[in-house]
Amino acid sequence: MKTTPYDKLEEVQDALAKCMKCGNCMAVCPVYLTEKEEGAYARGKLSIAEAILKGDLDLKDEDVQEKLFNCLVCTSCMQNCPCGVDVCKIMLSLRAALARETGLHPIKKVIFGALKNQPFFDKAMKAGAALQWMGLRKLQGNAGYEPRFTMGLSIKRIFPGLAATPFRDQAPELIKAKNRKTKVSFFTGCAFNYIFPDVAQDVVEVLRENDVEIAIPKEQQCCGIAVFAHGDIESARVLARKNIDVMEKTGADYIVTACGSCGESWQHGFKELLSEDPLYGPKAEYWKSRTYDISTFLTKVIDYKKPTGRVEATVTYHDPCHLKKVMKVFTEPRSILNAIPGVTLKEMAKPDACCGSGGSYTITHLETSMAITGRKMDDIRKTGADGVITGCPGCMMQLSEGLANSGQDHVATHYISLLARSYREARKSKTEEIKHAA
Amino acid sequence: MLDTAIIKQLEDIVGSGNVLTKKADLVTYSYDATADMPSQLPDVVVMPATTAAVQKIVLLAKEKSLAIYPRGAGTNLSGGTIPLKKGIVLSFQKMDKILEVDPENLTATVQAGVVIQALSDAVAPYGLIYPPDPGTVTTATMGGSVAECAGGLRGLKYGVTKHYIMGMEVVLASGEIFRFGGKTVKNVTAYDFASLFVGSEGTLGIITEIIAKLIPPPKFRKAMLASFKRLEDAGNTVTGIIKAYVIPATLEIMDKMTIQTVENYAKVGLPTDAEAVLLIEVDGGAQQLVDSEAEAVLKVIKENNGEVKIAQSDAERDQLWAARRAALPALAQLSPTTVLEDATVPRNRITEMLVAVQKIAAKYQLKIGTFGHAGDGNLHPTILADARNKEEMERVHQAVDEIFAAALKLGGTLSGEHGIGMAKMKYLKSELGESGLNLMRRVKEALDPDYMLNPAKMVPVKG
């Protein structure tokens with residue numbers, strides 16, 4: 004098998020040579036805009052990469068590691084790069100080289116090991132759901148949980164709770180459609196499975212309303228984006244191959260996702276990881292072009308049923324980084340929102356500025372992460388909207404926490420939930436009409 | 003490594019979070035946006051937030067004989083911020099407050115680290131603009147762009163940075179704080195210090211605060227694209243438009259190599275069979291005025307065998323501008339190293355300069371795309387190379403030498419808007435002569451006798 008930059012750091016040389024140090028990435032890097040230091044954004048990090056390859060800096064140097072992980076992998080820099088530098092590839096190759104040289108941090112090792120072992124991971128998450136009251140205190144209403152102990156963190160953290168019954172335990176493996184238009188396999192991802200099963204139910208409800216047959220294979224795995232991002236390439240490959248096998252077995256025409264990071268994995272990450280794999284490389288390539296975010300699937304693949312039920316809401320839409328910047332999905336969610344009677348969409352300034360989540364970044368770099376979220380909250384408040392809509396569970400968590408911290412009394416909602424609500428309203432008024440007639 | 007006592011003193015001045023000494027950090031301040039330059043690690047990076055802190059740092063550096071490199075966003079194209087002689091990089095990225103917008107006097111007062119775009123955003127609600135618009139508006143700082151006298155696309159009609167600076171606060175090499183100018187339109191008190199410090203590239207004083215002039219934007223505009231089968235026709239059109247006493251807001255040119263690269267990259271509908279295109283925009287306070295200027299421009303284009311496409315909507319205008327803005331990115335995609343020059347000639351010599359660049363490209367077998375501000379005579383011959391290829395870089399250096407020689411021969415100048423820094427220092431004598439170099443040295447030594455400020459830029463270090 005030929006090597007990739009993820010297996011051999013020297014292979015990033017060509018990608019690195021493309022950077023002309025113009026600094027355009029500075030204007031859009033959420034970390035730079037918070038920290039105002041050259042090492043915070045892509046140009047600085049690429050120069051550190053150059054120094055590592057030249058032998059001027061040591062990859063194992065703690066200060067170097069600190070720089071490599073002070074990045075949300077939001078890819079904002081890549082959108083603004085005149086030279087088309089694949090910053091993501093370079094950053095993840097460096098992290099992979101680091102993991103090879105120094106081994107993974109022991110805690111990461113345990114977590115990533117668990118992720119690869121789906122039945123074990125599943126049990127652990129369920130145990131977590133049952134035991135979460137021990138560490139977390141439930142907040143009023145829907146706001147989530149706050150830690151009972153501060154754990155030395157400087158800002159009060161608010162976590163969404165783990166669901167008592169994960170989504171895939173609630174849902175059947177196959178939901179048939181009467182007038183079947185097509186068959187999709189719903190790749191739920193961990194966040195919908197364990198934290199937001201109600202949103203996953205909304206995805207199912209919307210697909211059913213559109214006569215789509217849905218496979219929800221129970222043995223699907225974590226997409227592996229966090230594992231990949233931390234440089235554990237072999238674990239990420241194991242997850243990618245397993246997921247491809249599982250999805251292939253369903254015989255679906257398409258894979259549908261509702262999470263920017265899961266969709267990103269299918270459209271980009273798996274292909275990156277398996278590019279030199281003679282068996283799975285072509286499979287990753289095949290599914291890349293057959294994976295859609297649910298909004299794209301509805302608006303561009305099938306001619307979805309236009310929502311007629313009224314949902315009174317003035318909302319603003321936040322573009323998840325991986326959804327907009329990797330999957331290039333940003334008009335579709337808006338067109339769905341605009342199609343719902345009663346919904347008014349008020350755009351915020353910079354709707355595609357990162358929310359500050361970055362997966363585990365918000366845990367490892369709390370202060371910078373929350374400062375980024377703080378700017379987002381200001382932009383949200385200025386719209387006067389009373390609801391924040393987005394398209395990724397990671398952003399939902401981060402935005403909800405930011406909203407609670409900034410005293411705005413609503414949580415972030417997935418656009419699919421609004422569409423499901425509209426369909427529901429339409430069904431309700433239809434039932435009432437029939438009742439009335441009878 | 004600097005004496006820990008000095009680091010401690012710097013930390014006392016700005017706080018320990020604003021002093022960087024780790025190698026991983028120093029690496030990221032060892033370069034700027036200039037291609038093909040040596041890099042050098044500073045001893046320390048200090049990020050002040052106030053003028054008082056800057057003053058203390060200068061006094062400390064003076065006492066300890068350390069060099070200081072004032073640095074904005076490090077986006078300059080002259081090697082102007084590379085800390086060649088080690089010492090202190092003074093980063094203004096955290097000193098970024100907009101102190102005041104005064105719509106009655108049409109001024110804004112800002113700290114040196116304010117990004118140009120942030121100033122534009124802040125004055126937009128007042129219906130005002132700050133016209134200088136270098137390609138780096140979204141990243142470059144006011145301090146940096148004033149120190150470099152940055153230009154941009156609107157230079158022809160609206161001027162460049164130096165036309166918009168009304169006053170400043172500067173920390174001198176002596177450690178004194180000096181304020182001059184203000185909000186008055188007229189001011190002839192003492193020497194014209196704005197002219198001294200604008201474009202001084204951090205070698206004469208450290209700019210900490212700036213009073214900038216604002217203007218109301220033009221209300222009407224018309225953009226068009228003219229394509230030509232012969233380079234001479236494009237050049238003559240530029241001269242013809244000015245001769246017709248029309249001053250367009252922008253008058254940009256792209257040569258064949260650039261056109262083809264942009265079209266291949268961005269698919270914006272440029273005529274790939276043309277030898278050159280001109281992108282022209284006229285603007286003004288009244289529709290009638292703009293229409294009559296556009297008429298005059300169209301006539302000149304026709305007389306010079308050009309084909310013209312007028313933007314009928316804002317969307318079409320944006321598309322034309324997207325094509326121009328794509329010039330550098332598109333060229334930069336072709337090769338790892340992009341050497342961007344800015345030799346400038348009187349605008350009636352623009353055709354000769356374009357031809358000269360093409361000949362130089364052929365002679366040294368290099369790919370050179372030329373685009374730029376034709377109306378200003380300010381061209382950007384962009385050499386595409388790979389810094390890892392030593393033999394090719396040797397040819398690049400020879401070509402650059404000849405480009406400068408050609409510009410000077412045509413009565414032009416080494417640099418229209420990028421500055422001298424360390425990149426063009428060796429060519430200074432050919433433009434200024436011995437007496438010029440002597441004057442440069444005397445000015446430098448009058449203000450900074452110890453060569454503490456941005457040493458080895460603009461004026462060679464003594465001895």
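Sequence lines, in order, name chains U and S.
Numbered per my numbering, the first sequence spans residues 4 to 441.
Numbered per my numbering, the second sequence spans residues 3 to 465.
Positions of the beta carbon are idealized from the N, C-alpha and C atoms, including for glycine.
**Prompt:** Is there at least one Cβ from chain U nearer than 8 Å to G76(S)'s Cβ?
**Reply:** Looking up residue 76(S) in the second sequence gives position 74. Cβ-Cβ to chain U under 8 Å: yes for G76(S).
**Prompt:** Candidates R211(U), A261(U) and L60(U): which alpha carbon is nearest H417(U)'s?
**Reply:** For this step, residue 417(U) is matched to residue 414 along the first sequence. Among R211(U), A261(U) and L60(U), the Cα nearest to that of H417(U) is on A261(U).
**Asked** Can D257(S) and L158(S) be called in contact, C-beta distance under 8 Å?
**Response** Locating residue 257(S) in the second sequence gives position 255, counting from the first residue. Locating residue 158(S) in the second sequence gives position 156, counting from the first residue. Result no, Cβ atoms of D257(S) and L158(S) do not sit closer than 8 Å.
**Asked** Who are the neighbours of A225(S) on chain U, taking C-beta pairs under 7 Å?
**Response** The residue given as residue 225(S) occupies position 223 in the second sequence. Going along chain U, no residue has its Cβ under 7 Å from A225(S), so there is no contact; the nearest lies around 22 Å.
**Cross-chain neighbours of P338(S) in chain U, by beta carbon under 7 Å** = Here residue 338(S) refers to the residue found at position 336 when the second sequence is read from its first residue. Simply A20 and K21.
**Asked** Excluding five sequence neighbours on each side, which residues of the same chain lie with their C-beta closer than 8 Å to the C-beta of K25(S)?
**Response** Here the question's residue 25(S) lines up with position 23 in the second sequence. Hits under 8 Å: L43.
**Prompt:** Exposed or buried, what is M3(S) when buried is set at 16 or more other beta-carbons lying within 10 Å of its beta-carbon?
**Reply:** For the purposes of this step, residue 3(S) is taken as the residue at position 1 of the second sequence. Classification for M3(S): exposed.
**Asked** Straight-line CA distance for E222(U) to E216(U)?
**Response** For the purposes of this step, residue 222(U) is taken as the residue at position 219 of the first sequence. For the purposes of this step, residue 216(U) is taken as the residue at position 213 of the first sequence. E222(U) and E216(U) have their C-alpha atoms spaced approximately 18 Å apart.
**Prompt:** M454(S) to K92(U), Cα distance in whole Å?
**Reply:** Taking the second sequence and counting its residues from 1, one reaches residue 454(S) at position 452. Taking the first sequence and counting its residues from 1, one reaches residue 92(U) at position 89. Cα to Cα, the separation comes out at about 41 Å.
**Request:** List in chain order: all unbroken beta strand (DSSP E) runs of 3+ residues lying wholly within the region 194 to 268 of chain U.
**Result:** Taking only runs of at least 3 residues, the beta strand (DSSP E) segments lying wholly in the region 194 to 268 of chain U are 215 to 218 and 257 to 260.
**Request:** Determine, using beta-carbon pairs with one atom in the region 310 to 322 of chain S and one in the region 238 to 249 of chain S, whether at least three such pairs fall under 8 Å.
**Result:** No, because fewer than three Cβ pairs between the region 310 to 322 of chain S and the region 238 to 249 of chain S fall closer than 8 Å, the two stretches do not touch.
**Request:** Mind listing, in chain order, the continuous alpha helix (DSSP H) runs of no fewer than 4 residues lying wholly within the region 299 to 378 of chain U?
**Result:** Note on the region 299 to 378 of chain U: whole alpha helix (DSSP H) runs with a minimum of 4 residues are 334 to 342 and 364 to 367, in chain order.
**Rounded straight-line distance, which links the Cα of I167(S) to that of G155(U)** = The residue labelled residue 155(U) in the question sits at position 152 within the first sequence. The residue labelled residue 167(S) in the question sits at position 165 within the second sequence. The predicted model places G155(U) with a pLDDT of 45, which falls under 50 and marks its position as unreliable, so this point remains unresolved.
**Prompt:** From this set, G359(U), A194(U), K379(U) and A130(U), which residue's C-alpha is nearest T371(U)'s C-alpha?
**Reply:** To locate residue 371(U), count along the first sequence from 1; it is residue 368. T371(U) has its Cα closest to that of G359(U), out of G359(U), A194(U), K379(U) and A130(U).
**Prompt:** Between V29(S), K99(S) and G184(S), which lies nearest to P50(S) when the distance is taken from Cα to Cα?
**Reply:** Reading the second sequence from its first residue, position 48 is the one you call residue 50(S). Nearest of V29(S), K99(S) and G184(S) to P50(S), Cα basis: K99(S).
**Request:** Taking C-beta pairs closer than 7 Å, name the residues in chain U that V200(S) reaches, listed in chain order.
**Result:** In the second sequence, the residue the question calls residue 200(S) occupies position 198. In chain order: nothing, as chain U lies at least about 22 Å away.
**Asked** Got a sec: which bits of the region 320 to 336 of chain S sit with their beta carbon under 7 Å from any beta carbon on chain U, in order along the chain?
**Response** Within the region 320 to 336 of chain S, the residues whose Cβ lies closer than 7 Å to some Cβ of chain U are L330, P331, A334 and Q335, listed in chain order.
**Asked** Thinking just about the alpha-carbon of each residue, which of V332(U), P310(U) and I437(U) is nearest to the one in S425(U)?
**Response** Start at 1 with the first residue of the first sequence, and residue 425(U) comes out as number 422. It is P310(U) whose Cα lies nearest to the Cα of S425(U).
**Request:** Compare the C-alpha of S147(S) against each of V125(S), L121(S) and P127(S) and name the closest.
**Result:** In the second sequence, residue 147(S) corresponds to position 145, counting from 1. Ranking V125(S), L121(S) and P127(S) by Cα distance to S147(S) puts L121(S) first.
**Backbone CA spacing between A316(U) and H413(U) [nearest angstrom]** = Numbered from its first residue, the first sequence carries residue 316(U) at position 313. Numbered from its first residue, the first sequence carries residue 413(U) at position 410. When rounded, the distance between both Cα atoms is 12 Å.
**Request:** Compare the C-beta of R390(S) with all C-beta atoms of chain U and state if any pair is closer than 8 Å.
**Result:** For the purposes of this step, residue 390(S) is taken as residue 388 along the second sequence, with counting starting at 1. Interface flag for R390(S) against chain U is set, since a Cβ pair is found closer than 8 Å.
**Contacting residues, own chain, Cβ-Cβ under 7 Å from A458(S) (five flanking each side not counted)** = The sequence position of residue 458(S) within the second sequence is 456, counting from 1. Close CB contacts of A458(S) within its chain, under the 7 Å cut and outside five residues either way in sequence, are with L86, K87 and M424 (chain order).
**Asked** Thinking C-beta only, is L412(S) closer than 8 Å to V347(S)?
**Response** For the purposes of this step, residue 347(S) is taken as residue 345 along the second sequence, with counting starting at 1. For the purposes of this step, residue 412(S) is taken as residue 410 along the second sequence, with counting starting at 1. Yes, these two residues count as a Cβ contact at 8 Å.
**Message:** Which residues in chain S have a C-beta closer than 8 Å to the C-beta of I51(U)? List them in chain order.
**Reply:** Within the first sequence, residue 51(U) is the residue found at index 48, counting from 1. Within 8 Å Cβ-Cβ: A26, V29 and T30.
**Prompt:** Excluding five sequence neighbours on each side, which residues of the same chain lie with their C-beta closer than 7 Å to the C-beta of T83(S)?
**Reply:** Taking the second sequence and counting its residues from 1, one reaches residue 83(S) at position 81. Excluding the 5 residues flanking it on each side, T83(S) has same chain C-beta neighbours closer than 7 Å at D34, Y71, R73 and G76, in chain order.
**Message:** Tell me the rounded alpha-carbon separation between R293(U) and A287(U).
**Reply:** Position 290 of the first sequence holds residue 293(U). Position 284 of the first sequence holds residue 287(U). About 10 Å.
**Request:** Please compile the residues from chain U whose C-beta is within a distance smaller than 7 Å of the C-beta of K96(S).
**Result:** On the second sequence, residue 96(S) is found 94 positions in, with the first residue counted as 1. Here the neighbours are K39.
**Message:** Does G87(U) pass the burial test, meaning 16 or more other C-beta atoms within 10 Å, or should it be called exposed?
**Reply:** Here residue 87(U) corresponds to residue number 84 of the first sequence, with the count starting at 1. So G87(U) ends up on the exposed side.
**Asked** Can you tell me where the alpha helix (DSSP H) with I51(U) in it begins and where it stops?
**Response** One-based indexing of the first sequence puts residue 51(U) at position 48. Taken as a continuous stretch (DSSP letters only), the alpha helix (DSSP H) holding I51(U) covers A45 to K57.
**Message:** Is there a C-beta anywhere in chain S that falls below 8 Å from the one on G2(U)?
**Reply:** Residue 2(U) is absent from the structure shown; chain U starts at 4 and stops at 441.
**Prompt:** Assuming Y31(S) contacts V47(S) under a Cβ cut-off of 8 Å, what Cβ separation, rounded to an integer in Å, is found between them?
**Reply:** The count along the second sequence starts at 1 and reaches residue 31(S) at position 29. The count along the second sequence starts at 1 and reaches residue 47(S) at position 45. By a beta-carbon distance limit of 8 Å, Y31(S) contacts V47(S). Their separation comes to about 5 Å.
**Request:** Check whether the region 107 to 127 of chain U touches the region 365 to 379 of chain S, taking contact to mean three or more Cβ pairs, one atom from each stretch, closer than 8 Å.
**Result:** The region 107 to 127 of chain U makes no contact with the region 365 to 379 of chain S: fewer than 3 CB pairs, one atom from each, lie closer than 8 Å.
**Asked** Whose C-beta lies closer than 8 Å to the C-beta of S157(U) among residues of the same chain, with five residues either side of it excluded?
**Response** Locating residue 157(U) in the first sequence gives position 154, where the first residue counts as 1. Below a pLDDT of 50, predicted positions are generally treated as unreliable, and S157(U), at 45, falls in that range; no measurement from the model is reported.
**Asked** So, is S432(S) buried or exposed, given that buried needs 16 or more other C-beta atoms within 10 angstroms?
**Response** As a first step, residue 432(S) must be located in the second sequence, where it is residue number 430. Around the beta carbon of S432(S), fewer than 16 other beta carbons sit within 10 angstroms, so the residue counts as exposed.
**Asked** Taking Cβ positions, are A102(U) and A132(U) nearer each other than 8 Å?
**Response** Counting from one through the first sequence, the residue named residue 102(U) turns up at place 99. Counting from one through the first sequence, the residue named residue 132(U) turns up at place 129. No, the pair does not count as a contact, with Cβ atoms beyond the cut-off.
**Message:** How far does the alpha helix (DSSP H) with F94(S) in it extend, from its first residue to its last?
**Reply:** As a working note, residue 94(S) is residue 92 in the second sequence. Unbroken run through F94(S): none, as it is neither H nor E.
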